[in-house]
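S.K.: Dropping a structure here in structure tokens format, bear with me for questions.
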Ligand code: C2E
Ligand code: MG
Ligand code: MG
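In the numbering used here, the protein residues as written are 847 to 1534.
Structural data, given as structure tokens:
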């Protein structure tokens, strides 16, 4: 068929079976869609599986082009018998499959290459063309045939252009992109075929004997069979792409969840679980683990809110990262705590220097949303020589060291020692046993006498709690009071102490008072005043015989509400003393907010008073301050006559200490009271 004028066109069109042409187009469109779905899918796979998907891609592409071509050829009926050479027919499908290989490989492995879509599209166009012309060369037509070169060129241009545009469209991730790409690929395959067919020129009849597949009589059935088989192949590819995409989706989701469960969402650093796993994978390697605790965050939170605190964490993480070396690992296993993990053996001093450097970095001011924020930090370190300590035990060792560092004060760093963990274990055990001990009345009160400094007249006793533990023996308050404070048992213990102190004091002569220590934690309990008044009422002790001892720290932490209830207690006649004066905070502002009856000079000054002129000056100044503010002064911890004499000369009002009487159980108090009565009110007649 030479020219493309209307009668020629009609003659050309009359050579095709319309139904089969439609079938070919449908197969081609479905096939193209499948090929592109598989292409997108293959792009999501990594590693060796991508090769499998490349193969499936080439097979579905080759199968699609081949099936379209042969259904379209079955639709072609030039009015003379057609035979097909089996070998060439098979070769044609191979050409399509292999021809697609470089195109798809390029798209999968070099997707970012400039104009990869154009090159791949061109290659696909060539593959379609190669398949077509090899397929045509399998056709044995009586009389033979030739091509009009213009149509050949036009068909190839159509195949290459439409394929390239299809590869460009498929890069878009939306459904419209996929549909557009499918239509373009179908246009490339069908366009190339029918344009080339339009240029087919059939020569005069000339029967040839060949090794043939003869198709004419059952042409329609065969077309249906090819279509069915190719559709089956395409559907199978589609299903596998779709199911596998679900699998990949699930894998991606699992990966996302895995990441989330091992990282802190605020800073993106490893969380405790992630850190534990990382540590476990490093078993056997020498390493140092530094646990860094941030301090003074509460005021930042109170003043500026959570958002600023969150930003502070992020900035702190950045600061730490900037001060670490590339192999180090930074984690955030808990809020307010960072962990640095460094692979290294050797000197403990080096890791201590690193910890101190990091503390220094965190102590520099932070600028957040226009405000300047300053916090502090402490660090606990543990070094492992890789002798197989578990991740969890390393982490808890660092935590224990951090706890000790915090107790030692701001900016401190401590290396973990076994003694630390023994202390912690004991503390934990005491906490566990505390409530049962309260029920079993294992707590008792000792009473330490308080004397007039000059005359040594007995003035009263300070009640001091003891824990008579059935197995561990006598435990002192310095050990169990912090445990009770941290575990919330101090309220119950405090009530018990008050009740007991008032009960015992009632049995003493009228002029003697009892001093009871109050923990800052007890002060926060709004029910405290009522409890104290109730204890007094039950025992019948006159309020002026009770003196409550508060520490300087307790006074600084007070809210207005607590101050009001303290004032109410004082109005009822109860006395107040500042305990351990001079040992705590240097702020004295609380002295004019609340009036105390007594200042108790801390025993650390008394201890130094004989040897250190400074301690003498400070003690003298405290006594002067007390006198100026109308407060009585008592010196604690008097152990020697020399100390007593200096205190007397300095004008101290009262004294308490081992020299004059150690804390003693209730029954010994009665012996002392007997002696005192016999000595005319003085307890230690031997002393001047
Ligand atoms: P504190 O109130 O300053 O009590 C005085 C402590 O100094 C007592 O220790 C006492 O035994 C000791 N001490 C007395 N004279 C001397 C001396 O000459 N030399 C030396 N080195 N020490 C002396 P203790 O009984 O171990 O109590 C320690 C602290 O425990 C008390 O210090 C007090 O703060 C607290 N505490 C004791 N009982 C209670 C209680 O019932 N409730 C509360 N909240 N705290 C209590
Ligand atoms: Mg005291
Ligand atoms: Mg004291």
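The beta carbon of each residue, even a glycine, is placed where N, CA and C say it ideally should be.
Just so we're clear, the structure is a prediction, and the values are computed from it rather than from any experiment.
Check residue 1256 in the structure and name its three-state DSSP category.
M.R.: In the chain shown, residue 1256 corresponds to position 410, counting from 1. Coil at residue 1256, not helix or strand.
S.K.: What residue ranges within the region 966–1033 form continuous beta strand (DSSP E) runs of no fewer than 3 residues, ordered along the chain?
M.R.: Qualifying beta strand (DSSP E) stretches, in chain order: 985–987 and 991–993.
S.K.: Using a 10 Å radius around the Cβ and a threshold of 16 neighbouring Cβ atoms, would you call residue 1064 buried or exposed?
M.R.: Position 218 of the chain shown holds residue 1064. Because residue 1064 sits at a pLDDT of 49, beneath the cut-off of 50, its placement in the model cannot be relied upon, and the following sentence gives the value as read from the coordinates. Per the 10 Å Cβ criterion, exposed.
S.K.: Smallest Cα separation from residue 1375: which of 1356, 1253, 1413 and 1111?
M.R.: By one-based count along the chain shown, residue 1375 stands at place 529. Looking at the Cα atoms, 1413 is the closest of the given residues.
S.K.: If you run the structure through DSSP and keep just helix, strand and coil, what is residue 1168?
M.R.: Sequence index remark: in the chain shown, residue 1168 carries index 322 (1-based). It is helical.
S.K.: Just how far apart, CA to CA, sit residue 1369 and residue 1478?
M.R.: Along the chain shown, one-based indexing puts residue 1369 at 523. Along the chain shown, one-based indexing puts residue 1478 at 632. Going by the C-alpha atoms only, they are around 23 angstroms apart.
S.K.: Determine contact between the region 979–990 and the region 1018–1035, defined as no fewer than three beta-carbon pairs at a distance below 8 angstroms.
M.R.: With the cut-off at 8 angstroms, the region 979–990 and the region 1018–1035 do not touch.
S.K.: What does the alpha-carbon distance come out to for the pair residue 966 and residue 950?
M.R.: Position 120 of the chain shown, counted from the first residue, corresponds to residue 966. Position 104 of the chain shown, counted from the first residue, corresponds to residue 950. Spanning the two alpha carbons is a distance of roughly 7 angstroms.
S.K.: According to DSSP, what are the bridge partners of residue 1224?
M.R.: Counting from one through the chain shown, the residue named residue 1224 turns up at place 378. Answer is 1139, bridged to residue 1224.
S.K.: Please classify residue 898 as buried or exposed, where buried requires at least 16 other C-beta atoms within 10 Å of its C-beta.
M.R.: Indexing the chain shown from 1 puts residue 898 at position 52. Under this definition residue 898 is an exposed residue.
S.K.: Distance, Cα to Cα, residue 971 vs residue 925?
M.R.: Within the chain shown, residue 971 is the residue found at index 125, counting from 1. Within the chain shown, residue 925 is the residue found at index 79, counting from 1. Cα-Cα distance, rounded: 30 angstroms.
S.K.: If you draw a straight line from the C-alpha of residue 1312 to the C-alpha of residue 1301, how long is it?
M.R.: The residue you call residue 1312 lines up with position 466 of the chain shown. The residue you call residue 1301 lines up with position 455 of the chain shown. Their backbone Cα atoms lie some 30 angstroms apart in a straight line.
S.K.: Considering only the beta carbon of each residue, do residue 1511 and residue 1292 sit closer than 8 angstroms?
M.R.: By 1-based counting over the chain shown, the position of residue 1511 is 665. By 1-based counting over the chain shown, the position of residue 1292 is 446. Yes; because the gap between Cβ atoms is below 8 angstroms, this pair is in contact.
S.K.: Could you give the DSSP three-state label for residue 1035: helix, strand or coil?
M.R.: Against the chain shown, residue 1035 aligns to sequence position 189. It is helical.
S.K.: Can you tell me where the alpha helix (DSSP H) with residue 910 in it begins and where it stops?
M.R.: The count along the chain shown starts at 1 and reaches residue 910 at position 64. Here the alpha helix (DSSP H) through residue 910 covers 895–921.
S.K.: Consult DSSP for residue 1263 and reduce its assignment to one of helix, strand or coil.
M.R.: As a working mapping, residue 1263 is identified with position 417 in the chain shown. Here residue 1263 sits in coil by DSSP.
S.K.: Distance, Cα to Cα, residue 1390 vs residue 1382?
M.R.: Here residue 1390 refers to the residue found at position 544 when the chain shown is read from its first residue. Here residue 1382 refers to the residue found at position 536 when the chain shown is read from its first residue. Their Cα atoms are separated by approximately 10 angstroms.
S.K.: Let's test the definition: count the other Cβ atoms within 10 Å of the Cβ of residue 1470 and tell me whether it reaches 16, buried, or not, exposed.
M.R.: By one-based count along the chain shown, residue 1470 stands at place 624. Exposed, since its Cβ has fewer than 16 Cβ neighbours within 10 Å.
S.K.: From residue 861 to residue 922, what distance separates their C-alpha atoms?
M.R.: Against the chain shown, residue 861 aligns to sequence position 15. Against the chain shown, residue 922 aligns to sequence position 76. The straight-line gap from Cα to Cα measures roughly 6 angstroms.
S.K.: Which residue spans inside the region 1401–1449 form an unbroken beta strand (DSSP E) run of at least 3?
M.R.: Taking only runs of at least 3 residues, the beta strand (DSSP E) segments lying wholly in the region 1401–1449 are 1421–1427 and 1444–1447.
S.K.: Going by DSSP, what residue range makes up the beta strand (DSSP E) through residue 924?
M.R.: Looking up residue 924 in the chain shown gives position 78. Residue 924 -> no beta strand (DSSP E), and no H or E assigned at all.
S.K.: Between which two residues does the alpha helix (DSSP H) harbouring residue 1324 extend?
M.R.: Locating residue 1324 in the chain shown gives position 478, where the first residue counts as 1. 1323–1333 is the span of the alpha helix (DSSP H), which, as asked, contains residue 1324.
S.K.: Should residue 1203 be labelled buried (16 or more other beta-carbon atoms within 10 Å of its own) or exposed?
M.R.: For the purposes of this step, residue 1203 is taken as residue 357 along the chain shown, with counting starting at 1. Flag for residue 1203 reads exposed.
S.K.: Closest to residue 1488 by C-alpha separation, out of 1180, 1462 and 1445, would be which residue?
M.R.: Start at 1 with the first residue of the chain shown, and residue 1488 comes out as number 642. Of 1180, 1462 and 1445, the residue nearest in Cα terms is 1462.
S.K.: For residue 1014, count the other beta carbons within 10 Å of its own beta carbon; 16 or more makes it buried, fewer makes it exposed. Which is it?
M.R.: Along the chain shown, one-based indexing puts residue 1014 at 168. By the 10 Å Cβ count, residue 1014 comes out buried.
S.K.: Can you pull every residue whose C-beta falls closer than 6 angstroms to some heavy atom of ligand 3, listed in chain order?
M.R.: Cβ-based neighbours of ligand 3 within the cut-off: 1425, 1426, 1446 and 1482.
S.K.: Would you say the beta carbon of residue 1294 is closer than 7 angstroms to some non-hydrogen atom of ligand 1?
M.R.: Residue 1294 sits at position 448 when you count from the first residue of the chain shown. Yes, ligand 1 has a heavy atom inside 7 angstroms of this Cβ.
S.K.: Kindly identify the DSSP beta-bridge partner or partners of residue 1500.
M.R.: What you label residue 1500 is simply residue 654 of the chain shown in a count that begins at 1. The partner list for residue 1500 (beta bridge, DSSP) reads 1298 and 1480.
S.K.: Can you give me the Cβ contacts of residue 1278 inside the same chain, cut-off strictly under 8 angstroms, excluding the 5 residues immediately before and after it?
M.R.: In the chain shown, residue 1278 corresponds to position 432, counting from 1. Result list for residue 1278: empty, nothing under 8 angstroms.
S.K.: Any heavy atom of ligand 1 closer than 7 angstroms to the Cβ of residue 1379?
M.R.: Mapped onto the chain shown, residue 1379 falls at position 533. Result no, Cβ not under 7 angstroms from ligand 1.
S.K.: Using only the heavy atoms of ligand 2, determine whether one of them is closer than 7 angstroms to the beta carbon of residue 1308.
M.R.: Translated into positions along the chain shown, residue 1308 becomes position 462. The answer is yes for residue 1308.
S.K.: What's the C-alpha gap between residue 1171 and residue 1186?
M.R.: Along the chain shown, one-based indexing puts residue 1171 at 325. Along the chain shown, one-based indexing puts residue 1186 at 340. When rounded, the distance between both Cα atoms is 11 angstroms.
S.K.: Out of 1328, 874 and 1221, which has the shortest C-alpha to C-alpha gap to residue 1272?
M.R.: For the purposes of this step, residue 1272 is identified with residue 426 of the chain shown, where counting begins at 1. Out of 1328, 874 and 1221, 1328 has the C-alpha closest to the C-alpha of residue 1272.
S.K.: Could you tell me if the beta carbon of residue 1393 falls within a distance shorter than 7 angstroms of some heavy atom in ligand 2?
M.R.: The residue given as residue 1393 occupies position 547 in the chain shown. Residue 1393: no, Cβ never under 7 angstroms from ligand 2.
S.K.: Applying the 10 Å Cβ sphere with the 16-neighbour rule, what's the burial state of residue 1178?
M.R.: For the purposes of this step, residue 1178 is taken as residue 332 along the chain shown, with counting starting at 1. So residue 1178 ends up on the buried side.
S.K.: Looking at C-alpha atoms only, which residue of 1399, 1465 and 1411 is the closest neighbour of residue 1435?
M.R.: The residue given as residue 1435 occupies position 589 in the chain shown. Cα-wise, what sits closest to residue 1435 is 1399.
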